[in-house]
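For the sequence shown, the tail end lands on 242 under our numbering, and the numbers increase by one without skipping.
Beta carbons: idealized from backbone N, C-alpha and C, even for Gly.
These notes concern the structure reproduced below.
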Amino acid sequence: MLPSNRGSGVILDWQQSRGSLLASGDVKCIKIWDAARETCVSELPSRSGSCVTSLTSEKITGDIIVGGFGDGTVRVYDRRMDPRDSMVMCWREHPGWVINVHMQHGGNRELVSGSVAGDIKLWDIRHPTSIYTIEAHTQELTALAVHEHAPVFASGSSNQSLKVWNAGGTNLSTIRHYTGILSQRVVPISSVAFHPHRTILAVGGEDQYISLFRCGLEGVAVNPYWGDKNSYENHLMETQFN
1 MLPSNRGSGV ILDWQQSRGS LLASGDVKCI KIWDAARETC VSELPSRSGS CVTSLTSEKI
61 TGDIIVGGFG DGTVRVYDRR MDPRDSMVMC WREHPGWVIN VHMQHGGNRE LVSGSVAGDI
121 KLWDIRHPTS IYTIEAHTQE LTALAVHEHA PVFASGSSNQ SLKVWNAGGT NLSTIRHYTG
181 ILSQRVVPIS SVAFHPHRTI LAVGGEDQYI SLFRCGLEGV AVNPYWGDKN SYENHLMETQ
241 FN
């Protein structure tokens, strides 16, 4: 793994239960801000020569913080410890820039991460290696989102494909580019996000459109035919921003 030669900008994560804002990016630390007092209360050394590309944390107590890095590493920090010793785990399994890391709301050990190489990994923060790996895309992974309450996550790539997965690594649905009067236009995906409570997925593309898709209503099952005639039924809305 080689250090990244590009910057990540400002990376943030909000902890609602503590009123804390985590901030990092092209710096060598993770700063923890008390929003009410507008004060930096702690500064954790990242212990990496690369920039932070993504942040997530345990939302109940807010003690566990996880960062993804430009060199492919994923690092776990415990804010209860002395800042110099706060990094408690470091994984070096991703071959490149980490697109996103996410710890699901209510979970205290489970973690999902994905890198530009197209691989998605599921972790237990107690273990020194990943639980398993999904080779999600053959092209560059550009977006990754995890539902806060349902065991599903979605990934988008530069070759215009969007995939929905369950926590067991099964591909539940794939949206591809199709032609036809009822088909939905799919362009290189720049961002994906789930509704926090409903099984609704928002997809942003490079054509300035945001599309909303509805997952199956029974459990977490997703219609496997979003890309053809049924995509018209599951496609809720599309808005263009100029």
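In this structure, the alpha-carbon of S161 lies about 11 Å from that of A143.
Taking all protein chains in view, the Cβ of W14 is surrounded by fewer than 16 other Cβ atoms within 10 Å, so the residue is classified as exposed. Listed in chain order, the non-local C-beta contacts of K28 below 7 Å within the same chain comprise P45, S46, local neighbours out to five positions each way being set aside. Per DSSP, reduced to three states, the secondary structure at D124 is strand. Closest in alpha carbon position to D85, among V76, F213, H102, is V76. Here DSSP, grouped into helix, strand and coil, assigns R75 to strand. The stretch 150-209 contains, as complete beta strand (DSSP E) runs of 3+ residues, the segments 152-157, 162-166, 171-175, 189-194, 200-205 (chain order). In this structure D124 is exposed. Its beta-carbon is surrounded by fewer than 16 other beta-carbon atoms within 10 angstroms. The residue from D26, R18, G19 with its alpha-carbon nearest to that of R6 is D26. For the pair E135 and G118, the Cα-to-Cα distance works out to about 6 Å. A straight line joining the alpha-carbon of V203 with that of F153 spans about 13 Å.
Within a 10 Å sphere around the beta-carbon of A145 sit 16 or more other beta-carbons, which makes this residue buried. A145 has A154 as its beta-bridge partners, per DSSP. Beta-bridge pairing by DSSP links R80 to no other residue. Selection M103, V10, P196, I11 evaluated against A167 yields M103 as nearest (Cα-Cα). Collapsing the DSSP output to three states places D119 in a strand. Taking all protein chains shown into account, D71 has 16 or more neighbouring C-beta atoms within 10 Å of its C-beta and is therefore buried. Scanning G96, T61, T73 for the CA closest to the CA of R79 turns up T61.
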